[in-house]
Amino acid sequence: MTIQRNLRMLACDYDGTLAEHGKMNSVTEQALRDVKQAGLLLGLVTGRLLDDLLRVCPQVPLFDIVIAENGAVLYQPSNGETIDLGPSPSVEFCAALDQRGVNFATGRVLVNTLRPYGDAVREAIQTCNCDLEMIFNNEALMILPRGVDKASGLQAGVERLDMTADAVVAVGDAENDVAFLRAAGLAVAVANAIDELKREADIVTEGVAGDGVVEFVEKHLLAQ
């Protein structure tokens with residue numbers, strides 16, 4: 052496939068795409084450095100809470116923009132600026148989750164729990180009459196303000212960098228990456244991606260996770 056030359060950014064999901072078992076290997080990191088050396092921007096688009104991401108990913112400074120909490124938080128590594136793209140979780144909603152025995156964690160905007168708690172979370176949303184929606188990602192369940200997802204986060208991120216989403220290559224693997232890939236100019240799914248995401252992709256790699264990202268960079272993005 053011929054790659055468009057108007058592409059300005061490679062934006063990747065973290066877990067299952069750049070990273071396996073929470074870690075990015077040195078070969079994948081070098082591929083990202085090669086992308087930067089070629090003059091392209093790098094974006095990291097993840098469902099992880101920002102503090103958690105900063106703890107597990109020492110490569111964060113490589114990125115020009117980080118979109119964390121499934122599109123709810125923007126972070127610019129160059130200056131540490133952090134922008135919330137939605138309100139923080141309400142005390143009322145968190146109390147409703149506690150009352151139903153839901154084990155959860157809160158970020159700046161995101162509430163994170165597990166898929167089996169789905170019915171209890173739905174009840175809590177209805178009880179509080181909160182304008183929230185549930186987004187599933189493998190066994191994880193994320194609760195966010197309605198309309199906030201990786202696609203909306205990508206849009207906010209590219210606006211900060213004075214560009215548009217059609218100049219972005221999006222790479223992902225999971226359910227919460229579907230909107231992200233649809234929003235980008237070029238969509239790439241790694242080999243371990245769910246079937247739904249592969250159907251959305253312009254390119255599906257042969258390699259899994261980081262190996263797939265390296266493959267795409269070498270065979271397509273930076274190929275002469």
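Remember, this note's numbering sits 51 above the position in the sequence shown when you count from 1.
By construction, the Cβ of each residue, glycine as well, lies at the ideal position given by its N, Cα and C atoms.
Predicted model, so just to flag it, every value in this text is computed and none were measured.
Considering Cα atoms alone, identify which of the options is closest to residue i.
i, options, result
"Gly137", "Asp200, Leu104, Tyr65", "Asp200"
"Arg106", "Gly73, Met214, Arg84", "Gly73"
"Ile282", "Arg197, Leu93, Ala242, Leu272", "Given a span of 52 to 275 for the chain in the structure shown, any question on residue 282 remains unanswerable."
"Asp246", "Glu226, Pro109, Arg166", "Glu226"
"Thr133", "Arg211, Asn163, Ala242, Glu190", "Arg211"
"Ser292", "Asp135, Gly169, Gln88", "The first residue shown for the chain is 52 and the last is 275, placing residue 292 beyond what the model contains."
Along the alpha helix (DSSP H) that carries residue i, what are the first and last residues, could you check?
i, result
"Gly204", "201-211"
"Glu247", "246-251"
"Leu148", "142-150"
"Glu266", "260-267"
Going by the CB atoms, is the gap between residue j and residue i shorter than 8 Å?
i, j, result
"Ala244", "Gly223", "yes"
"Glu251", "Val268", "no"
"Leu205", "Ala216", "yes"
"Pro128", "Pro112", "yes"
"Leu61", "Val220", "yes"
"Ala240", "Leu248", "yes"
"Ala82", "Thr97", "no"
Can you tell me where the beta strand (DSSP E) holding residue i begins and where it ends?
i, result
"Leu232", "Leu232 -> not in any beta strand (DSSP E); alpha helix (DSSP H) instead, spanning 229-234."
"Gly223", "219-223"
"Asp182", "Note, Asp182: premise wrong, no beta strand (DSSP E); not H, not E."
"Tyr126", "124-127"
"Met193", "191-196"
Let me know the alpha helix (DSSP H) ranges lying completely inside the segment 53-121, each 4 residues or longer, listed in chain order. 77-88, 101-107
Report yes or no: do the segment 141-153 and the segment 123-133 share at least 3 C-beta pairs separated by less than 8 Å? no
Under 8 Å, with one C-beta from each stretch per pair, do the segment 151-171 and the segment 95-107 reach the 3-pair mark? yes
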